Amino acid sequence: MMKLIIMRHGQASWSAPSDQERPLTEVGQQEVLSTASKMTTLGINRVFASPFLRAQQSGRILAETLDCTLETLDCITPDDDPMAVIAELPAQGVIALASHMPLVGALTGLLCEGSVSQGPGFMTAHAAVLDMELPGPGLARLVEMIQP
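Counting along the sequence shown from 1, when you hit position 47 you're at 47 in full-length UniProt numbering, and nothing is skipped either side.
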């Protein structure tokens, strides 16, 4: 059995040399901290983040709040293929991802409905909690959405 928490990064500044270098704003940091504090009972034991700065900062807040190690997963940037993400996921455990739209919506849709077009929209620092036996298209159940 596996539980996957898919979270969009917190609010980020638009003032940066590139999209990859956009930092969280103070509001974004507080959003992620609020969402992370609502995840403490989920038993998360691994936190993965996109290599983009705002996701790394969000992942670090999650990892510190949940007493986990932060790991970087290169295949969870905004436009990555959700099937590639599924292939990289561990088959068990309680895992949190800090990533981006449109990937977080597409991945949630693929896992729950079997279609990337069926995923929910995610506001900043919103998270979807999914249960599944194994990661695969249409095999997950959306348990709850967590908001800051």
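For each residue, glycine too, the CB sits at the ideal point set by N, CA and C.
Since we're looking at a predicted model, the values are computed, not measured.
Under the 10 Å beta carbon count, residue 92 is surrounded by fewer than 16 other beta carbons and is classified as exposed.
Across the structure, residue 19 and residue 1 are spaced so that their CA atoms are roughly 35 Å apart. Selection 33, 88 and 45 evaluated against residue 61 yields 33 as nearest (Cα-Cα). For residue 117, the closest alpha carbon among the candidates 147, 133 and 81 is that of 81. If the five residues before and after residue 86 are omitted, its C-beta is found closer than 6 Å to the C-beta atoms of 135, all from its own chain and listed in chain order.
The stretch 90-106 makes contact with the stretch 49-69; the number of CB pairs closer than 8 Å reaches 3 or more. If you draw a straight line from the Cα of residue 144 to the Cα of residue 129, it comes to about 5 Å. Sorting 66, 49, 22 and 113 by C-alpha distance to the C-alpha of residue 88 places 49 at the top.
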